[in-house]
Amino acid sequence: MVHLSGARLARAGLLVLMVLLLPVSMAWPGGIAGEVDYNGEVSEVTMAGCLCHAEASSDDVTILLDGVPYAYTPGETYSLTLQIVGGPERGAGGTSQSAGFSMRTTLGQLIPADGNTQNWEGDATRLTHTSAGSAYSNSDRLWSFDWTAPATDEGLTRFYIAGNSVNGDGNPTGDQWNRLNFPIHPESETSREGTRMVFVGTGDVSPPETEHETDLHEMGAKLRAHWLGLLGFAAVLITLLFCGLMLRYGFSASYKGRSNLLRLRIKTLKRGDQ
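Using our numbering, the first residue of the sequence shown is number 14, and each one after it goes up by one.
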């Protein structure tokens, strides 16, 4: 029979404790949602954030959600695109994973569009990444899915999103995350139509290149007024030029003829005097 000293028992107990806590401190490559237990505190991951990766959120991670309606139409389905930008460089610590997210809506249904997203435990109000969606191969850290608004006007709905950007080394060190939440009101007579992009964070998001050319069809009344002004100015210049040419060449012959007639009369008068 093997007897262990007190020091060895303590080390063995510490090792067992670390093994038990390992799933809590490691990443969740297959998705995560709902309430999680972090160091004995139970919290909703979309509201508390990815605490197993870092204790505080970071604005170096930018979460963007495109296709969000200004106001929802009951029963309408909207195609959304979620992207995480910034944080640790993809693959900086390895190629195990790239990024992940957890999302919840208070109304309507979140519908996966492909194998990169899934409803958490069959709950249509919760959406998260899959192992494929968080993989290193997802180079853009981007996910597409649909949201179907409630069938009737049930008032304001709110979205909660936690996005995690990881360096791919398989442990939480160096990873960063951020949170995004926003409301969507039901449509009304005064609500704005169309969709928009909502985002949070100040990560390194490269803006599109500035276009110096302007589509003439988009200038409208301003363009017409501009051209009318130019045409009016050109008409004045042409009129002045025409008048100048007429004065210089059109009337010169007539003027010369009158001058010769006047000289002839003067000569005639002089002869009469003689």
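Ideal Cβ placement from N, Cα and C applies to all residues, glycine included.
Measure the Cβ-Cβ separation of Ile76 and Arg192 and say whether it is below 9 Å. The residue given as residue 76 occupies position 63 in the sequence shown. The residue given as residue 192 occupies position 179 in the sequence shown. The beta carbons of Ile76 and Arg192 sit closer together than 9 Å.
Counting beta carbon pairs with one atom in the segment 195-203 and one in the segment 93-108, are three or more of them shorter than 8 Å? Contact between the segment 93-108 and the segment 195-203 is absent: fewer than 3 CB-CB pairs across the two stretches fall below 8 Å.
Among residues of its own chain, excluding the 5 on either side of Ala126, which ones have a beta-carbon nearer than 7 Å to its beta-carbon? Indexing the sequence shown from 1 puts residue 126 at position 113. Correct list, in chain order: Ser157, Phe158, Asp159.
According to DSSP, simplified to helix, strand and coil, what is Ser144? Translated into the one-based positions of the sequence shown, residue 144 becomes position 131. Here Ser144 sits in coil by DSSP.
Using C-beta distances below 8 Å, list every residue in its chain close to Leu93, excluding the 5 sequence neighbours before and after it, in chain order. Against the sequence shown, residue 93 aligns to sequence position 80. Same-chain partners within the cutoff: Leu78, Asp79, Gly80, Val81, Ser157, Phe158, Asp159, Trp160.
Are Thr130 and Thr138 touching if we call contact CB-CB under 9 Å? Indexing the sequence shown from 1 puts residue 130 at position 117. Indexing the sequence shown from 1 puts residue 138 at position 125. Not in contact: Thr130 and Thr138 (Cβ atoms no closer than 9 Å).
Gly257 - DSSP class collapsed to helix/strand/coil: Residue numbering aside, residue 257 sits at position 244 when the sequence shown is read from its first letter. Three-state DSSP puts Gly257 in a helix.
Please determine, among Ile174, Pro87, Ala175, the residue with the shortest C-alpha to C-alpha distance to Gly121. As a working note, residue 121 is residue 108 in the sequence shown. It is Pro87 whose Cα lies nearest to the Cα of Gly121.
Taking Gly80 as part of the beta strand (DSSP E), name the residues at either end of that continuous run. The residue labelled residue 80 in the question sits at position 67 within the sequence shown. It spans 74-82 - the beta strand (DSSP E) in which Gly80 sits, taken as one unbroken run.
Neighbour-count burial assignment, Leu13, 16 or more Cβ in a 10 Å radius: In the structure as shown, the chain begins at 14 and stops at 287. Residue 13 is therefore absent and cannot be evaluated.
Please classify Ala126: does DSSP put it in a helix, a strand, or coil? To locate residue 126, count along the sequence shown from 1; it is residue 113. Looking at Ala126 - three-state DSSP - the assignment turns out to be coil, as it is neither helix nor strand.
Contact set for Arg171: own chain, Cβ-Cβ below 6 Å, skip 5 residues either direction: Reading the sequence shown from its first residue, position 158 is the one you call residue 171. Counting only Cβ-Cβ distances below 6 Å, and skipping sequence neighbours, we find Thr119, Pro196.
Given Thr203 as reference, the closest of Tyr83, Ala112, Ala164 once Cα atoms are compared: Here residue 203 corresponds to residue number 190 of the sequence shown, with the count starting at 1. Closest by alpha carbon: Tyr83.
Could you have a look at Gly245 and say whether DSSP puts it in helix, strand or coil? Position 232 of the sequence shown holds residue 245. The three-state secondary structure of Gly245, taken from DSSP, is helix.
Could you tell me the alpha carbon to alpha carbon distance between Phe255 and His239, rounded to whole angstroms? By one-based count along the sequence shown, residue 255 stands at place 242. By one-based count along the sequence shown, residue 239 stands at place 226. In a straight line, the C-alpha of Phe255 is about 25 Å away from that of His239.
Leaving out five residues on either side along the sequence, give the residues of the same chain with a beta carbon under 7 Å from the beta carbon of Gln189. The sequence position of residue 189 within the sequence shown is 176, counting from 1. Counting only Cβ-Cβ distances below 7 Å, and skipping sequence neighbours, we find Ala67, Ser71, Asp73, Val74, Gly100, Pro101, Ser178.
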